[in-house]
Amino acid sequence: MSQHGEHLNAFDQLELGPVRILLYGAIAGACAEAATYPFEVVRRQLQLQSQASKMSTLATCNKIVERGGVPALYAGLVPSLLQVGGSAYISFSRLVVFRDGIMLQT
1 MSQHGEHLNA
11 FDQLELGPVR
21 ILLYGAIAGA
31 CAEAATYPFE
41 VVRRQLQLQS
51 QASKMSTLAT
61 CNKIVERGGV
71 PALYAGLVPS
81 LLQVGGSAYI
91 SFSRLVVFRD
101 GIMLQT
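My numbering applies: residue 1 is where the sequence shown begins, and numbers increase by one.
See the structure below:
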């Protein structure tokens, strides 16, 4: 860290501790999981359909919403969010370590 009075660039000013890395990684992972989860639900339903009664992706999505409403597209999201929290932390912390390593070399 620089002495008082010296100009700090944005990377020097941004110090992320392990708790913040965990928090930011978990938030990023949860947002990504919540945004893509309905597509996973539709994909799973498409895989479960027999070849004789195969429906289109849009028709499958409509069928899911008709049967259980929009919340049916998010059925099972909570366990998935719990699982993604750890992996998001690992990914985000690797990014921070890599970024800091590059910044030290320049």
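Here a beta-carbon is modelled for each residue, glycine too, at the ideal position from N, C-alpha and C.
1) Helix, strand or coil: how does DSSP classify Q47 here?
2) Please state whether the Cβ-Cβ distance between Y24 and F98 is less than 9 angstroms.
3) Between L46 and D100, what straight-line distance do the alpha-carbon atoms span, to the nearest angstrom?
4) Does the beta-carbon of A88 have 16 or more other beta-carbons within 10 angstroms, so that it is buried, or is it exposed?
5) In this structure, how does DSSP classify S80 when only helix, strand and coil are distinguished?
According to the data block:
1) Translated into positions along the sequence shown, residue 47 becomes position 47. Correct three-state label for Q47: helix.
2) Taking the first residue of the sequence shown as position 1, residue 24 is located at position 24. Taking the first residue of the sequence shown as position 1, residue 98 is located at position 98. Y24 is not a Cβ neighbour of F98, given a cutoff of 9 angstroms.
3) The count along the sequence shown starts at 1 and reaches residue 46 at position 46. The count along the sequence shown starts at 1 and reaches residue 100 at position 100. So the alpha carbons of these two residues sit roughly 43 angstroms apart.
4) Reading the sequence shown from its first residue, position 88 is the one you call residue 88. If you draw a 10 Å sphere on the C-beta of A88, you find 16 or more other C-beta atoms in it, and that means buried.
5) The count along the sequence shown starts at 1 and reaches residue 80 at position 80. Shown here, S80 sits in a helix according to DSSP, grouped into three states.
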